[in-house]
Every structure is written in structure tokens, then in C-alpha cells.
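Trainee: Right, I'll just put the structure down here and ask away after.
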Amino acid sequence: MWGIGWRFDESASLLDKGEAAFRVLTGNADGYLADPFPFRHQGQDFIFVEQYLYSKNRGCIAVVAVNRDGTVGASRIVVEEPHHLSYPFVFEQNGQIWMIPESGAARNVSLYRAVEFPYRWTREACLMEGIEGYDTTPLWHDGGFWFFVSPRLWRSTSWDALSLYHAESLTGSWTPHAANPVLLDARLSRPAGAVIRHGGRALRPVQDCARGYGGAVTFCQIDALGASEFAQTPIGRIWSGALGCHTYNRRSGLEVIDLFGHIRGLREVTTSYRLLVPDAPVSGPSGVSEPCGQPVSWPVSPG
6 MWGIGWRFDE SASLLDKGEA AFRVLTGNAD GYLADPFPFR HQGQDFIFVE
56 QYLYSKNRGC IAVVAVNRDG TVGASRIVVE EPHHLSYPFV FEQNGQIWMI
106 PESGAARNVS LYRAVEFPYR WTREACLMEG IEGYDTTPLW HDGGFWFFVS
156 PRLWRSTSWD ALSLYHAESL TGSWTPHAAN PVLLDARLSR PAGAVIRHGG
206 RALRPVQDCA RGYGGAVTFC QIDALGASEF AQTPIGRIWS GALGCHTYNR
256 RSGLEVIDLF GHIRGLREVT TSYRLLVPDA PVSGPSGVSE PCGQPVSWPV
306 SPG
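In our numbering, the protein residues as written are 6 to 308.
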């Protein structure tokens, strides 16, 4: 089953430390939790998650309040649709808090706005129709938004390919990248969380599904991103022993992952980060990793 891991550390991320212990939070007998995204609002830390409900055979978006003393509130569903939802990418821009959840089953990419954060949301806009896209991840780069999406193409799975789209504003029309799909590789395509800046590099967490869905998370350095170019280099990887993982995020010192395997009853899991490139730096100048180039209110440098 799936569950999530979380830890507070203002000074050093998993990528800095190389190894860290995460508290484990699982669902109950009715379902499981996955796809964690942290967010701090007015001094309170929250984790937005996919909460999968066995009774409905689909996921909803839920939120959990977490505290620095290790206590956790009950999960509460905040967005539910007739179709499956997951990967609640939550961010702030222009004084509003937004969410782009994965809604591939509905063949669209939708934008939600917080009416009363964190519990009330409204569907504000449809960013794109007619695309069975998974784990849409926005990145603010060179004065516009780039959207990383894993589309289901031809007879592919939802993790074989990566497509890119560009828009001048959050709700502007999407322009497909000239080389879409820019990548066909089950190891390095599907997004696994927000792009971060670490060691002077822009790193994109990706799902390694070479041995199956939810195998591991690899970090790829973005080497080039433009209207007709895209290149990345894998440099590091998260390991949790026999457990799988397909999401990594960090914000305001709250670091989260998800875990797949026999985790029922576990209170803590030790996770490692290993370099794949010998000369890749282990830590950045300030010793932390934070979201990089996300919607403009997010930091574009560590700290």
C-alpha cells in the first residue's frame, strides 16, 4: 500500500544529508495516502495528498495539518470530483493560492483556487481540454510558464512519455513544445514533484518506472529548456530500501516523500539520496533545497 513520509529540517534537505528519517503517515482501512505536497500558510504547515478511497475506486484531494512537535491532524477531503484526482500541486501567485491536481481520467488539466484555505476550493479554469495528461508540474522560466506533463499516447502507459507546453500566463493558452513528446523513457519522464534548486542546479524529480510504477525517484538536472529544445541529465536518486517511491517535495523546511510497500504499522522510515554522477555536488551554498522557478511568489534560490 501507499503512505507518505514527512520530516522538518530547516537547515538541511535529504539531498544535503544523504540520509534522513521520515515519520510515516498511512491511511486507514478505507484507503491510502500518496502524492504529498507541503504548504505553509499563516504559520501552519499542511500536506496536501491524494487520498484514495477503496469504496469509490478513485482518488480525492485531502489535506493534513502537521506540527513541528510531531503531531498530525486528521486528513480531510477538500476536492472531490466524479473522476480520479491525485498529485495536488499547490502554489501561490498574485495573492491567490492555486492547485493543479492530476485529472487525466477526465482528459483535461484544471486549475482550482482556494476560497477559504485550506478547506474550500473552486474550479477556476480548464487549462487544457482533450489531453489525458498526468502529474502536470508548472515551472516559471524566462518570463512564462512551462508545464511538464506525462501524456498517455498511442498504446503507452501514463509514465512512458514527457510533453512540454508553454504559456505566457497561468491561464493563458498552451503552446506545445516543437519536439513533443520531448522524451520517451519510462525511467525519466513522468514528474515526481516540484522542480527545485540545489547546488546551483535546477533539478526535476522524475519517476523511475523501469521496473514498474512507483519504483523510485530520480533527480534530473535541467540542462536546456526552450521553444525547440529540452535536455536533462540524471544526477541523483532516492532509495528507501525495499520500498517504492514516486513523489518528493520540500517547502519551508517541511520535506515529504511517498512510500509503497509493506508500511502498515511503520512509524519511521530511513531514506537515502545517492549521487549518480561522481562530480555532482551533494549540497548547495546554503545547505537546503527549495522550489525553483515556480510561480513567482516561490523562491528561485535556496532559502
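Glycine included, every Cβ here is placed at the ideal spot set by N, Cα and C. Model, not experiment: these values are computed from the prediction.
Using 8 angstroms for Cβ pairs, my map puts D140 next to E86. What's the rounded Cβ distance?
Mentor: Along the sequence shown, one-based indexing puts residue 140 at 135. Along the sequence shown, one-based indexing puts residue 86 at 81. Rounded, the Cβ-Cβ distance is 17 angstroms, inconsistent with contact.
Trainee: Given that a residue counts as buried once 16 or more other Cβ atoms are within 10 Å of its Cβ, and exposed if not, what is R256?
Mentor: Against the sequence shown, residue 256 aligns to sequence position 251. Buried, because 16 or more other Cβ atoms sit within 10 Å of the Cβ of R256.
Trainee: Can you tell me whether A119 is buried or exposed, with buried defined as 16 or more other CB within 10 angstroms of its CB?
Mentor: In the sequence shown, residue 119 corresponds to position 114, counting from 1. A119 should be labelled buried.
Trainee: Quick check on N254: buried or exposed, where buried means 16 or more other Cβ atoms within 10 Å of its Cβ?
Mentor: Sequence index remark: in the sequence shown, residue 254 carries index 249 (1-based). Buried: at least 16 other Cβ atoms inside 10 Å.
Trainee: What's the call for R313, buried or exposed, on a 16-neighbour Cβ count within 10 Å?
Mentor: Because residue 313 is not part of the residues shown, which for the chain are 6 to 308, the question remains open.
Trainee: Under a three-way DSSP split, which group does D40 fall into?
Mentor: Mapped onto the sequence shown, residue 40 falls at position 35. In the structure shown, D40 sits in a strand (DSSP, three-state: E or B).
Trainee: Would you mind reading off the limits of the alpha helix (DSSP H) that contains L19?
Mentor: Taking the sequence shown and counting its residues from 1, the one referred to as residue 19 is at position 14. Element bounds for L19: L19 to K22.
Trainee: Below 7 angstroms between beta carbons: does that hold for I52 and V71?
Mentor: Translated into the one-based positions of the sequence shown, residue 52 becomes position 47. Translated into the one-based positions of the sequence shown, residue 71 becomes position 66. Yes. Within cutoff.
Trainee: Output needed for Y59: all residues of its chain with C-beta closer than 7 angstroms, excluding positions within five of it in sequence on either side, in chain order.
Mentor: Here residue 59 is taken as the residue at index 54 of the sequence shown, counted from 1. Correct list, in chain order: D35 and G36.
Trainee: When you compare the CB positions of A197 and P210, do they come within less than 7 angstroms of one another, or not?
Mentor: What you label residue 197 is simply residue 192 of the sequence shown in a count that begins at 1. What you label residue 210 is simply residue 205 of the sequence shown in a count that begins at 1. Yes.
Trainee: What would DSSP say about G109, mapped onto helix, strand or coil?
Mentor: Walking along the sequence shown from the start, residue 109 turns up at place 104. Helix.
Trainee: Have a look at P156 and F224 and give me their C-alpha separation to the nearest angstrom.
Mentor: Start at 1 with the first residue of the sequence shown, and residue 156 comes out as number 151. Start at 1 with the first residue of the sequence shown, and residue 224 comes out as number 219. If I take the Cα positions, the gap works out to 20 angstroms.
Trainee: So what's V71 in DSSP terms, helix, strand or just coil?
Mentor: One-based indexing of the sequence shown puts residue 71 at position 66. Looking at V71 - three-state DSSP - the assignment turns out to be strand.
Trainee: In or out: W103 buried (at least 16 other Cβ within 10 Å) or exposed?
Mentor: Counting from one through the sequence shown, the residue named residue 103 turns up at place 98. Burial call: buried.
Trainee: Got a sec? Which residues, its chain only, sit under 7 angstroms from G220 by beta carbon, not counting five neighbours each side?
Mentor: The residue given as residue 220 occupies position 215 in the sequence shown. Cβ within range, chain order: D213, C214 and G249.
Trainee: Looking at V77 and F42, is the spacing between their C-beta atoms short of 7 angstroms?
Mentor: Translated into the one-based positions of the sequence shown, residue 42 becomes position 37. Translated into the one-based positions of the sequence shown, residue 77 becomes position 72. No, they are not a contact pair.
Trainee: Is the beta carbon of L188 sitting closer than 7 angstroms to the one on L169?
Mentor: If you number the sequence shown from 1, residue 188 lands on position 183. If you number the sequence shown from 1, residue 169 lands on position 164. The answer is no: Cβ separation not under 7 angstroms.
Trainee: Do you know how far the Cα of G109 is from the Cα of F152?
Mentor: The residue you call residue 152 lines up with position 147 of the sequence shown. The residue you call residue 109 lines up with position 104 of the sequence shown. So the two alpha carbons sit approximately 15 angstroms from each other.
Trainee: For the beta strand (DSSP E) holding A221, just list the boundary residues, first then last.
Mentor: Counting from one through the sequence shown, the residue named residue 221 turns up at place 216. It spans A221 to G231 - the beta strand (DSSP E) in which A221 sits, taken as one unbroken run.
Trainee: Since T176 is in the beta strand (DSSP E), which residue starts that stretch and which ends it?
Mentor: Locating residue 176 in the sequence shown gives position 171, counting from the first residue. Careful: T176 lies outside any beta strand (DSSP E) and carries neither H nor E.
Trainee: Of the residues R160, C65 and T180, which one's Cα is nearest the Cα of R81?
Mentor: Position 76 of the sequence shown holds residue 81. For R81, the nearest C-alpha among the options comes from C65.
Trainee: Quick one: is S155 near chain B, going by C-beta distance under 7 angstroms?
Mentor: The structure shown contains no chain B; it holds only a single protein chain.
Trainee: What are the boundary residues of the beta strand (DSSP E) that includes H267?
Mentor: By one-based count along the sequence shown, residue 267 stands at place 262. It is not in any beta strand (DSSP E) - H267 carries neither H nor E in the DSSP assignment.
Trainee: Could you pull the start and end residues of the beta strand (DSSP E) that Q98 belongs to?
Mentor: Indexing the sequence shown from 1 puts residue 98 at position 93. Looking at the DSSP string, the run of the beta strand (DSSP E) that includes Q98 is S91 to Q98.
Trainee: In chain order, what residues of the same chain have a beta carbon less than 8 angstroms from the beta carbon of Q101, not counting five sequence neighbours either side?
Mentor: Here residue 101 refers to the residue found at position 96 when the sequence shown is read from its first residue. Excluding residues within five positions, the ones whose Cβ falls inside 8 angstroms are R118 and A119.
Trainee: Buried or exposed for T176, please, with buried defined as at least 16 other CB atoms from any protein chain shown within 10 angstroms of its CB.
Mentor: Looking up residue 176 in the sequence shown gives position 171. Looking at its Cβ environment, which holds fewer than 16 other Cβ atoms inside 10 Å, T176 is exposed.
Trainee: Around the C-beta of G308, are 16 or more other C-beta atoms found within 10 angstroms, so that it is buried, or is it exposed?
Mentor: By 1-based counting over the sequence shown, the position of residue 308 is 303. Bear in mind that the predicted position of G308 carries a pLDDT of just 27, short of 50, making it unreliable; the figure below should be weighed with that in mind. Counting Cβ neighbours within 10 Å, G308 comes out exposed, since fewer than 16 surround it.
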